[in-house]
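A short write-up of the structure that comes next.
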Amino acid sequence: IFNNLYGTLRSEVERLLDDGRTTVLFDVDVRGALAIRRAFASDAYLVFVAPPSFDELVRRLKSRQTESVEAIERRVARAAMELEMQPQFDAVVVNDVVDRATAEIEALVRKQ
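Going by this note's numbering, the letters in the sequence shown line up with residues 31 to 142, in that order.
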C-alpha cells in the first residue's frame, strides 16, 4: 500500500486451517483481498468495508490531520478506484457506525 509491501505466508494460512481454524481474518486493501481470492478460491469470503459516501471518506481523511495534502490526494484517488471494485467482493458493509459495522461483519463471518 502506497509503496509499502505487506504479505502473509500462504503456508501460515494453510497451517492455521490444517490446525482446525475455520476463520482467518485479514485487514488488507483491495489488491490484497483479490490476491487472497486467487490463492484460496472458494474458501475465501471477501467483505468490502465501505465509507458511507465518498464525501464522508474525504472528510474523515482530512479530519485526521496526520497526512499532507499530497498524501490525502493519493489516498482519495486510490479510494475512488477501490470503490469501483466492490462488485468483486462477496459482501459490502458500510462503516457509518463502527459498532454496527463490526456487528454486521461478525454476523457475516458466523454465517460462513
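Positions of the beta carbon are idealized from the N, C-alpha and C atoms, including for glycine.
Other residues of its chain near residue i: CB distance less than 6 Å, five sequence neighbours each side excluded
{"i": "Ile31", "result": "At Ile31 the pLDDT is 45, less than 50, meaning the model places this residue with poor confidence; the figure from the coordinates comes in the next sentence. These residues qualify, in order along the chain: Asp59."}
{"i": "Phe119", "result": "Leu76 and Phe78"}
Other residues of its chain near residue i: CB distance less than 7 Å, five sequence neighbours each side excluded
{"i": "Arg105", "result": "Leu91"}
{"i": "Arg108", "result": "none"}
Cβ shell of residue i (< 8 Å), same chain only, five flanking positions each side left out
{"i": "Thr53", "result": "Val139 and Gln142"}
{"i": "Pro82", "result": "Val124, Asn125 and Asp126"}
{"i": "Glu97", "result": "Leu91 and Arg105"}
Residue of the options minimising C-alpha distance to residue i
{"i": "Pro117", "options": "Arg40, Tyr75, Arg94 and Asp49", "result": "Tyr75"}
{"i": "Phe56", "options": "Phe70, Asp48 and Asp49", "result": "Phe70"}
{"i": "Val128", "options": "Ala121, Met111 and Val79", "result": "Val79"}
{"i": "Met111", "options": "Thr132, Ala121, Glu100 and Phe84", "result": "Phe84"}
{"i": "Thr38", "options": "Ala65, Asp49, Asp48 and Ser72", "result": "Ala65"}
{"i": "Leu47", "options": "Asp73, Glu86, Ala131 and Arg130", "result": "Asp73"}
CA-to-CA distance, residue j to residue i, given in whole angstroms
{"i": "Arg40", "j": "Leu113", "result": "27 Å"}
{"i": "Arg89", "j": "Ile102", "result": "10 Å"}
{"i": "Gly62", "j": "Met115", "result": "12 Å"}
{"i": "Ala133", "j": "Glu86", "result": "21 Å"}
{"i": "Val99", "j": "Arg51", "result": "42 Å"}
Which of helix, strand or coil DSSP assigns to residue i
{"i": "Phe32", "result": "Unreliable positioning characterises Phe32 in this predicted model, as indicated by a pLDDT of 45, which lies under 50. The coordinate reading is nonetheless provided below. It is coil, neither helix nor strand."}
{"i": "Val128", "result": "helix"}
{"i": "Val43", "result": "helix"}
{"i": "Phe84", "result": "helix"}
{"i": "Val54", "result": "coil"}
{"i": "Ala121", "result": "strand"}
Nearest-angstrom Cβ-Cβ length linking residue i and residue j, presumed shorter than 8 Å
{"i": "Ile135", "j": "Val43", "result": "Between Val43 and Ile135 the Cβ distance is about 19 Å, and since that is not below 8 Å, they are no contact."}
Cutoff 9 Å: residue i Cβ touching any chain B Cβ
{"i": "Ala109", "result": "Within the model displayed, chain B is absent; a lone protein chain is all it includes."}
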